[in-house]
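Engineer: Quick one: the structure is below, questions incoming.
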Amino acid sequence: MAGFNPAGYLRDVRQEIGRVTWPSRKETLITTGLVLALSALAAVFFLVTDWVIQLLMRLLFGFA
3 MAGFNPAGYL RDVRQEIGRV TWPSRKETLI TTGLVLALSA LAAVFFLVTD WVIQLLMRLL
63 FGFA
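Quick note on this note's numbering: the sequence shown kicks off at 3 and runs consecutively.
Listed below in structure tokens is the structure:
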């Protein structure tokens, strides 16, 4: 088995980075906006769900 060659490894990494198709600035901003919006939507959903469960617990058991 051949030994590890750091210089060859770095050369291969550089070649692979050159082959990557990077997203445009516009694609990155749109995707980031979607992630933030969906994260906020999920947070609101779980907040409302928590409030409903808490209300039901209070009504059923008189605590929570």
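Glycine residues also receive a C-beta, built at the ideal position from the N, C-alpha and C atoms. In this text, all values refer to a predicted model and were calculated from it rather than measured experimentally.
1. By the DSSP assignment, the alpha helix (DSSP H) with S41 in it spans what residues?
2. Can you give the Cα-Cα distance for T33 and T51, rounded to whole angstroms?
3. Is there a Cβ of chain C sitting closer than 8 Å to that of I19, yes or no?
4. Going by DSSP, what residue range makes up the alpha helix (DSSP H) through G10?
Structural biologist: Taking the geometry as given:
1. Here the question's residue 41 lines up with position 39 in the sequence shown. Segment R27 to F63, the alpha helix (DSSP H) holding S41.
2. The sequence position of residue 33 within the sequence shown is 31, counting from 1. The sequence position of residue 51 within the sequence shown is 49, counting from 1. Cα to Cα, T33 sits roughly 27 Å from T51.
3. No chain C is part of this structure, which consists of one protein chain only.
4. On the sequence shown, residue 10 is found 8 positions in, with the first residue counted as 1. Segment P8 to R21, the alpha helix (DSSP H) holding G10.
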